[in-house]
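Residue numbers (my numbering): 885 to 1299.
Set out below in structure tokens:
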């Protein structure tokens, strides 16, 4: 008896066994029976011809018929179905055929079943990869939409806050002018209100800057800049904070710091101020902060190093995300230079945006986070070394060819 005839002999009980085992419910079983009929017809053709590719069409249909829910939950695995068909084939052949015929039949069927399982595994892997890729694309789109919504909210909220804040600031100044000069207590209270308004304005301005950066709308006013002067101004600005924290800040006269370059001085000042403020904040009392740098071909590098608590490797990208908070939000405390003082999480993202708007880059290096060992952190700023403005009209205005190599006498001095 040929293998085809042997298979035909056990086909009916085999199909019933598979259907009863895998399909639940009369309607489902009838539909499944039609699929099984087709499968076993193709299996017979493959057995006669010795060509397992006869099965490929139905295997492809089964593999690609899985719904998104099936893919998501890992259900209706076709490879698992084929494994059960193999097991039922063995059991049915053993129960209904002499040992020799059963062995001969399974010897002919096993290569076909192995081909089918390999093919299905390939089809299902491809379907799974496509499903995961589509899910990632959908998630990416949702995240981009969420980020855009957040940016829009920041922009609207900042502008809506700015108008009443200006009114509060103006009326507070008027009240301050009306206070009796001899009443020091009232003036102290008014100064406290003024300080709170100033801090709130800084936050609102930061929110507006974040919105400008997110929408690529930050306008830069390129002017002649000398980095050593900006750094000395910053050291003077942080003088009281440094003294109260008993820290040491060293501004080194590195190569390139005295050279003229074109940049937006206010924005560079803002970016470096955020970096130094961050270094002061996360360096324990008595620690040290060093600002150094060097020139590279076409660039100037500025480094801000501290002996602080450091940053874990997995958080070294997170700190540059807006509103990024590494600590427990429930333990948040405001403070520009207070040790581990909190903030809205906008300073470093703004610094990164400013540097990148100049065509540069900003990154951080740290061995890790450790409040006991204090491994420290080093922020690297890489700025293009522009010796003339990109706008030829500005070059003519400033007279680049005659620009002084050193700052003019009226250039802002450190106190």
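The beta-carbon is built from N, C-alpha and C at its ideal position, and this holds for glycine as well.
When the Cα atoms are used, what is the spatial distance from residue i to residue j?
i, j, result
"residue 1102", "residue 1068", "43 angstroms"
"residue 1225", "residue 1166", "8 angstroms"
"residue 962", "residue 920", "13 angstroms"
"residue 1129", "residue 1051", "35 angstroms"
"residue 1170", "residue 1259", "15 angstroms"
"residue 1034", "residue 1099", "12 angstroms"
"residue 984", "residue 933", "22 angstroms"
"residue 895", "residue 997", "15 angstroms"
"residue 902", "residue 968", "8 angstroms"
"residue 910", "residue 928", "Bear in mind that the predicted position of residue 910 carries a pLDDT of just 47, short of 50, making it unreliable; the figure below should be weighed with that in mind. Rounded to whole angstroms, residue 910 to residue 928 spans 26 angstroms at the Cα level."
"residue 949", "residue 1014", "14 angstroms"
"residue 889", "residue 974", "16 angstroms"
"residue 1234", "residue 1267", "15 angstroms"
"residue 1231", "residue 1241", "15 angstroms"
"residue 1005", "residue 916", "21 angstroms"
"residue 1122", "residue 1272", "31 angstroms"
"residue 1195", "residue 1261", "7 angstroms"
"residue 1031", "residue 1016", "22 angstroms"
"residue 1042", "residue 1080", "17 angstroms"
"residue 945", "residue 1018", "20 angstroms"
"residue 1096", "residue 1236", "13 angstroms"
"residue 1092", "residue 1223", "26 angstroms"
"residue 887", "residue 1028", "60 angstroms"
"residue 1299", "residue 1126", "Only weak support exists for where residue 1299 lies, its pLDDT of 42 falling under 50; the value from the coordinates is given anyway. Approximately 15 angstroms between the Cα atoms of the pair."
"residue 1270", "residue 1200", "29 angstroms"
"residue 1061", "residue 1257", "51 angstroms"
"residue 1059", "residue 1124", "28 angstroms"
"residue 1094", "residue 964", "53 angstroms"
"residue 1263", "residue 1136", "15 angstroms"
"residue 970", "residue 922", "16 angstroms"
Applying the criterion that 16 or more other CB atoms from any shown protein chain within 10 Å of the CB defines a buried residue, is residue i buried or exposed?
i, result
"residue 1251", "exposed"
"residue 1206", "buried"
"residue 1002", "exposed"
"residue 1156", "buried"
"residue 1023", "exposed"
"residue 1008", "buried"
"residue 1026", "exposed"
"residue 972", "buried"
"residue 1253", "buried"
"residue 1076", "exposed"
"residue 1107", "exposed"
"residue 1216", "Residue placement at residue 1216 is flagged as unreliable, the pLDDT there being 49, under the threshold of 50; a coordinate-derived value is accordingly withheld."
"residue 1162", "buried"
"residue 898", "buried"
"residue 966", "buried"
"residue 986", "buried"
"residue 1138", "buried"
Cβ atoms of residue j and residue i: under 9 angstroms apart, would you say?
i, j, result
"residue 1246", "residue 1183", "no"
"residue 1152", "residue 1160", "no"
"residue 977", "residue 990", "yes"
"residue 905", "residue 926", "no"
"residue 1111", "residue 1177", "yes"
"residue 1150", "residue 1105", "yes"
"residue 1193", "residue 1255", "yes"
"residue 1049", "residue 1084", "yes"
"residue 943", "residue 930", "no"
"residue 1179", "residue 1243", "no"
"residue 1265", "residue 1186", "yes"
"residue 1064", "residue 1073", "no"
"residue 1175", "residue 1188", "yes"
"residue 1056", "residue 1078", "yes"
"residue 1191", "residue 1168", "yes"
"residue 892", "residue 936", "no"
"residue 1011", "residue 947", "yes"
Identify which residue in the options has its Cα closest to the Cα of residue i.
i, options, result
"residue 1198", "1173, 1228, 1222 and 1249", "1249"
"residue 1090", "1045, 994, 1122 and 1128", "1045"
"residue 1147", "964, 1119 and 1109", "1109"
"residue 1039", "1087, 892, 1107 and 893", "1087"
"residue 1053", "1043, 1082 and 1042", "1082"
"residue 1238", "937, 1262, 1196 and 1154", "1154"
"residue 1144", "1113, 1162 and 1126", "1113"
"residue 900", "1228, 924 and 887", "924"
"residue 1158", "1132, 1181, 1118 and 1059", "1118"
"residue 1115", "1142, 1131, 1094 and 1124", "1142"
Continuous alpha helix (DSSP H) assignments of at least 4 residues falling wholly in the region 1048-1134: For the region 1048-1134, whole alpha helix (DSSP H) runs of length 4 or above, ordered along the chain, are 1068-1098, 1111-1121 and 1123-1128.
Runs of alpha helix (DSSP H) lying entirely within the region 942-1013, each at least 4 residues, in chain order: List check, alpha helix (DSSP H) in window: 952-957 and 962-980.
Contiguous beta strand (DSSP E) assignments of at least 3 residues, all confined to the region 1190-1275: Taking 3 residues as the shortest admissible run, the region 1190-1275 contains the following complete beta strand (DSSP E) segments, listed from N- to C-terminal end: 1245-1250 and 1261-1268.
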